[in-house]
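Chemist: Got a structure here, written out as structure tokens. Questions coming.
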Amino acid sequence: MIEKGGYIRDILASTAGAPATAHGWVKTRRDSKGVHFIQLSDGSCFADLQVVIDAGSIPEDILKHVTTGACVRISGDLVESPAAGQNVELRAREIELFGPADSQTYPLQKKGHTMEFLRDIAHLRSRSNTFGAVFRVRNALAYAIHSFFKERGFLYVHTPIITASDCEGAGAMFGVTTLDMQNLPRVKEGERKGQVDYTEDFFGKPAFLTVSGQLNAEIFALAFSNVYTFGPTFRAENSNTPRHLAEFWMIEPEMAFCDLQGDMKLAEAFLKYVIAKVMDECSADLDFFNKRIDNTVLETLENVVNNDFVHVTYTEAVKILEKSGQTWEFPVHFGADLQSEHERYLTEQTFKRPVIVTDYPKEIKAFYMRANDDGKTVRAMDVLAPRIGEIIGGSQREERYDVLLDKIRQQDLNEEAYWWYLELRKYGSAPHAGFGLGFERLMLYLTGMKNIRDVIPFPRTPGSAEF
RNA sequence: UCCCCGUUAGCUCAAUGGCAGAGCGUUCGGCUGUUAACCGAAAUGUUGAUGGUUCGAGCCCAUCACGGGGAGCCA
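Numbering (my numbering), first residue to last: -13 to 453.
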């Protein structure tokens, strides 16, 4: 194991003049007459360690296997580099070959790969510059999220992955079962005769992978005041876009004694905090994204950190869109949900930064959102980001028992399934609010990457669950 | 799921219905310290699959598979 201090990140940060040992994978090799150059990476930082090998100093039967993709341990002396491009370099004395990589078949070259090709070799793509940067940023972002909430006293709650409640209502769900699919037990008699007999199943009833931890988080918010979840989430929607995954990670804070204003305030502080943190900790990686992936990324992120978000109500947004003079594929009018083209116009043309749209018509939002006094709208908010679209969706929750019960009945939901959700309003209810944020969507925003499949290690999408 | 585009060497892409091509990578050789090194040479093909049209199909037609962009659903 590499001890602290032995990562290439640490070696590059140390001063010349001492022995050093590096472990890693060869990214490229350049040969000249009297000297060989190796770029070595162990994933600990964006920069490679340049290793210099004098001709004849390493046995030929080892050196010939030190090719792109090979894994080695190299011991030598850390010296000042005479050439531009790096401060220090490792002058090799001894090389131990762990795993060669046949250069005739190793698929990673030093240039010219498309994201689609790299996705097909997801077991090797993490060794590339781009995916090294992506997953270091992903790591830093995850830690930044936890530290944001920890600094504010939030309790981190592990909401269940498997749920037997069919009331989550946020899209199609994956079933979870131990029944023999080739030989399903059937109900023998009565009204449900012939249907699958779930009393035989593991949980005694149909079970699913969670589509949201929100309802569970609300339980904890009404006991621990401020809580958040951060975990995997599953949607069985047949969505084929650069913005959707069947398995993704979601962050869901939930705050008691909080209204929509407080919710928006937290959402904005959250985005600014985590972006600033990643900019601070992964500057080399972000520089790479700005140079090779999207040359507006740094400018965009600085803009987000340094400016207040724009707030508009749904009603105002509709007016802006109506007056825009644009021709829309989907007409704009009060009561219609905002389409992608509308969101993009608001974020990319009108305001050119994240926009929080609030107070949507009740008909197009979920039953649990708190009704406004106008009788037409609910206290919902969507944070829209340029290029990404909806990055956060949240609301103040309906805390009044009677109003919530009415909503459940009006929308023809199964009242009994929500018994515990209703009881939260019966015993010690409190105004509360929260939001859901797609972790990978935030990754897209931070990195400038174009496809959500390229910001998660092993993407799961309709028809694809490789690796 | 719908609309549009695509699938040719390891990769990125060319190729009027008439001999299958280039760049990169790889291999070999050269080069006094390179930075996506440079110079020279060589090897590399079931043109996504299955049918069809044609004297002749990488190219035209049909179906399917896979990929990309847009849309819907949403985070």
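Beta carbons are placed, not taken as given, at the ideal position from N, Cα and C, and that holds for glycine.
1) Taking the alpha carbon of W314 as the point to measure from, which residue in E302, Y300, R330 has its own alpha carbon closest?
2) Pick out whichever of E80, Q36, Q90, D63 has its Cα sitting closest to the Cα of A70.
3) Residues bridged to I306 by DSSP?
4) Name the two residues that bound the continuous beta strand (DSSP E) containing I60.
5) Starting from E137 and walking both ways along the alpha helix (DSSP H), at which residues does that stretch end?
6) On the DSSP letters alone, give me the boundaries of the beta strand (DSSP E) that E75 sits inside.
7) Do the segment 123 to 142 and the segment 200 to 217 meet, that is, are 3 or more Cβ pairs less than 8 Å apart?
8) What would DSSP say about T219, mapped onto helix, strand or coil?
9) In whole angstroms, give me the CA-to-CA distance for V368 and I(-3).
10) My output table needs one value for Y142: the three-state DSSP class, helix, strand or coil.
11) What is the rounded straight-line gap between the Cα of A126 and the Cα of K348?
12) For M435, name the three-state secondary structure that DSSP assigns.
13) What's the gap between the Cα of T91 and the Cα of T282?
14) Y346 and Y300 look like a contact to me (Cβ under 8 Å); what is the Cβ gap, rounded to whole Å?
15) Could you pull out every unbroken beta strand (DSSP E) segment of at least 3 residues lying fully inside the segment 402 to 426, listed in chain order?
16) Of all the options L257, V318, P317, H319, which has the alpha carbon lying nearest to the alpha carbon of D294?
17) Flag this pair as yes or no: are the beta carbons of L76 and A6 separated by less than 7 Å?
18) Report the residue from T363, V296, D360, G10 whose alpha carbon sits nearest the alpha carbon of T333.
19) From the DSSP output, read off the bridge partner residues of P239.
20) For M355, list the residues DSSP reports as bridge partners.
21) Cα-Cα, which of S27, T54, A(-1), A150 is closest to R16?
22) Just checking, does the segment 116 to 136 make contact with the segment 262 to 273 on the three C-beta pairs under 8 Å criterion?
Modeler: So, from the listed chains and residues:
1) Minimum Cα-Cα distance from W314 among the listed residues E302, Y300, R330 corresponds to R330.
2) That would be Q36, whose Cα lies nearest to the Cα of A70.
3) The partner list for I306 (beta bridge, DSSP) is empty, contrary to what the question assumes.
4) Start and end: 57 to 66.
5) Looking at the DSSP string, the run of the alpha helix (DSSP H) that includes E137 is 115 to 137.
6) 74 to 85 is the extent of the beta strand (DSSP E) around E75.
7) The segment 123 to 142, when compared against the segment 200 to 217, does touch it at the 8 Å Cβ threshold.
8) Under the three-state reduction of DSSP output, T219 falls in the strand class.
9) First, the residue type needs correcting, since residue 368 is Asp and not Val in the sequence shown. One Cα belongs to D368, the other to I(-3), and the distance between them is close to 45 Å.
10) DSSP places Y142 in strand when its eight states are reduced to three.
11) Near 37 Å, if we compare the C-alpha coordinates of K348 and A126.
12) Looking at M435 - three-state DSSP - the assignment turns out to be coil, as it is neither helix nor strand.
13) Straight across, the Cα-Cα distance linking T91 with T282 is about 36 Å.
14) Contact check for Y346 and Y300: beta-carbon distance about 5 Å, within the 8 Å limit, so the pair qualifies.
15) Runs of the beta strand (DSSP E) inside the segment 402 to 426: 418 to 424.
16) Among L257, V318, P317, H319, the Cα nearest to that of D294 is on L257.
17) Contact annotation: L76 and A6 have beta-carbon atoms nearer than 7 Å.
18) Across the set T363, V296, D360, G10, the C-alpha of V296 shows the shortest separation from the C-alpha of T333.
19) Bridge partners of P239: Y214.
20) In DSSP, M355 forms a bridge with R383.
21) Of the listed residues, the one whose Cα sits closest to R16 is T54.
22) Because the criterion of three Cβ pairs below 8 Å is met, the segment 116 to 136 and the segment 262 to 273 touch.
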